[in-house]
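Numbering (this note's numbering), first residue to last: 78 to 173.
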């Protein structure tokens, strides 16, 4: 017959409680996450665009063929696009 160890059980319960608390907190969140974003065209690297091309040549992310193409875009923190060489802000279409 096995003898139960209450100290071991208490230690395991404490570790699980700390783990649950950390997982539920913002300790794992990305620090300084921007509150708003803007579409920035002309700065996406090949294969690194965020969504469909502005000229309609494709409708999916990661399909840019060339670096810095005018019709390819990525999301950047609001206010930074115009600070990037070659970047131009693209108006976001309103939701229907």
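For every residue, glycine included, the Cβ atom is placed at its ideal position computed from N, Cα and C.
Taking the beta carbon of residue 137 as the centre, do at least 16 other beta carbons fall within 10 Å, making it buried, or is it exposed?
The residue in question, residue 137, is exposed, as its Cβ has fewer than 16 Cβ neighbours within 10 Å.
Could you say which of 147, 83, 164, 87 lies nearest to residue 154 if we only look at CA atoms?
If we check each option's Cα against that of residue 154, 164 comes out closest.
When the distance is taken between beta carbons, is residue 84 closer than 8 Å to residue 116?
No, Cβ-Cβ distance for residue 116 and residue 84 is not below 8 Å.
Tell me which residue opens and which closes the beta strand (DSSP E) that residue 153 is part of.
Unbroken beta strand (DSSP E) run through residue 153: 150 to 154.
DSSP three-state label for residue 158, please.
The answer is helix: DSSP assigns residue 158 an H, G or I state.
Less than 7 Å between the CB of residue 93 and some heavy atom of the ligand NAD, yes or no?
Absence of the ligand NAD is noted for the structure shown, with no ligands found whatsoever.
Between the Cα of residue 188 and those of 158, 126, 94, spot the shortest distance and give me the residue it belongs to.
Outside the displayed range of the chain (78 to 173) lies residue 188, so it cannot be described from this structure.
Can you list, in chain order, the residues of its chain with a C-beta nearer than 8 Å to that of residue 139? Leave out the 5 residues immediately preceding and following it.
Correct list, in chain order: 124, 125, 126.
Quick one: is residue 161 near chain D, going by C-beta distance under 8 Å?
Absent here is chain D; the protein component of the structure consists of one chain.
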